[in-house]
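Enquirer: Start counting the sequence shown at 263; every next residue gets the next number (this note's numbering).
Even glycine gets a Cβ: it sits at the ideal position worked out from N, Cα and C.
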Amino acid sequence: MAEKTTAPREDRSSGVGGWRDDSGREAFESAYRVAMAALPPPERAWDVPTGFGTVRAYRFAPSDGASGAHDRTPALLLPGWGAAVPMWGTNLPALLENRPVYALDALGDAGLSVQTAPLRTPDAQAAWIDQALAGMGADRVHVVGHSFGGWSATNLAVRRPGRVASLSLLDPVQTFSRIR
Numbered sequence: 263m264a265e266k267t268t269a270p271r272e273d274r275s276s277g278v279g280g281w282r283d284d285s286g287r288e289a290f291e292s293a294y295r296v297a298m299a300a301l302p303p304p305e306r307a308w309d310v311p312t313g314f315g316t317v318r319a320y321r322f323a324p325s326d327g328a329s330g331a332h333d334r335t336p337a338l339l340l341p342g343w344g345a346a347v348p349m350w351g352t353n354l355p356a357l358l359e360n361r362p363v364y365a366l367d368a369l370g371d372a373g374l375s376v377q378t379a380p381l382r383t384p385d386a387q388a389a390w391i392d393q394a395l396a397g398m399g400a401d402r403v404h405v406v407g408h409s410f411g412g413w414s415a416t417n418l419a420v421r422r423p424g425r426v427a428s429l430s431l432l433d434p435v436q437t438f439s440r441i442r
């Protein structure tokens, strides 16, 4: 796994997410490593620079027995708010039977991504994902999003439709109606 730069301290007024203290970050990172060890090993893990910070990205290779799967359009997994890549542990093996899978830790949220600029608009939310995909060399993906990741997937499809081959939304928050 790539080395992680320490995230900035949390300052809610700045619109940039970060850790409240080092002990919280260390506890999270320890639990994250344990959770990642339970997943199929990623083919590649890297930190992708964007205009909004560095995005932790993973590429998981298809199962060895999956004929032709390596050449198929990859899936992209976007976690729900307060979650990170390890949340996909139950789904990942089945997805890998059919195609490569990319997974991202969202900027400004739980995970190993490090936000450096605010994400105040829907266009900014789409831009960081678009920039991360470009940095990973992923031109077009089947996007799977859970909760806020479902909103992010839909937002990406609306603002950067050329990147999105299809959408699969799991309990997408604020996508079809606002929360009251």
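Counting along the chain, where does the beta strand (DSSP E) carrying G315 start and finish?
Expert: Residue 315 sits at position 53 when you count from the first residue of the sequence shown. Segment G315 to F322, the beta strand (DSSP E) holding G315.
Enquirer: Check whether the Cβ of A394 sits closer than 7 Å to any heavy atom of the ligand FAD, and report yes or no.
Expert: Absence of the ligand FAD from the depicted structure is noted, as is the absence of any ligand whatsoever, leaving it without description.
Enquirer: Quick check on DSSP: helix, strand or coil for L339?
Expert: Numbered from 1 along the sequence shown, position 77 holds the residue referred to as residue 339. Reduced to three states, the DSSP call for L339 is strand.
Enquirer: Work out the CA separation of P302 and P355 for me, nearest whole Å.
Expert: Within the sequence shown, residue 355 is the residue found at index 93, counting from 1. Within the sequence shown, residue 302 is the residue found at index 40, counting from 1. Cα to Cα, P355 sits roughly 7 Å from P302.
Enquirer: From P336 to P348, what distance separates their C-alpha atoms?
Expert: In the sequence shown, residue 336 corresponds to position 74, counting from 1. In the sequence shown, residue 348 corresponds to position 86, counting from 1. In a straight line, the C-alpha of P336 is about 18 Å away from that of P348.
Enquirer: What are the partner residues of Q377, as DSSP defines its beta bridges?
Expert: To locate residue 377, count along the sequence shown from 1; it is residue 115. According to DSSP, Q377 bridges with G315.
Enquirer: Based on the DSSP output, what are the partners of R306 in its beta bridges?
Expert: Taking the sequence shown and counting its residues from 1, one reaches residue 306 at position 44. DSSP, once it has assigned bridges, lists R321 as partnering R306.
Enquirer: Where do the ends of the beta strand (DSSP E) carrying A400 lie?
Expert: Here residue 400 refers to the residue found at position 138 when the sequence shown is read from its first residue. Unbroken run through A400: none, as it is neither H nor E.
Enquirer: Quick one: is H404 buried, meaning 16 or more other Cβ sit within 10 Å of its Cβ, or exposed?
Expert: Numbered from 1 along the sequence shown, position 142 holds the residue referred to as residue 404. Buried is the call here.
Enquirer: Using the C-alpha atoms, what's the distance from D433 back to W343?
Expert: On the sequence shown, position 81 is the one that residue 343 refers to. On the sequence shown, position 171 is the one that residue 433 refers to. Straight-line Cα distance between these residues: approximately 12 Å.
Enquirer: Mapping the DSSP letters down to three states, classify V278 as helix, strand or coil.
Expert: Taking the first residue of the sequence shown as 1, we reach residue 278 at position 16. Strand, per DSSP.
Enquirer: Starting from V420, trace the beta strand (DSSP E) both ways and give me its first and last residue.
Expert: Walking along the sequence shown from the start, residue 420 turns up at place 158. Careful: V420 lies outside any beta strand (DSSP E), inside the alpha helix (DSSP H) at F410 to R421.
Enquirer: May I ask you to list the residues that DSSP assigns as paired with S428?
Expert: In the sequence shown, counting from the first residue as 1, residue 428 sits at position 166. BP columns for S428 point to H404.
Enquirer: Can you list, in chain order, the residues of its chain with a C-beta nearer than 7 Å to that of L429? Leave out the 5 residues immediately preceding and following it.
Expert: Within the sequence shown, the letter at position 167 stands for residue 429. Within the same chain, L429 has close Cβ partners V405, A415, T416 and A419.
Enquirer: Work out the CA separation of G373 and T316 for me, nearest whole Å.
Expert: Against the sequence shown, residue 316 aligns to sequence position 54. Against the sequence shown, residue 373 aligns to sequence position 111. If I take the Cα positions, the gap works out to 11 Å.
Enquirer: Does the segment 282 to 293 touch the segment 318 to 334, meaning 3 or more C-beta pairs lie closer than 8 Å?
Expert: no
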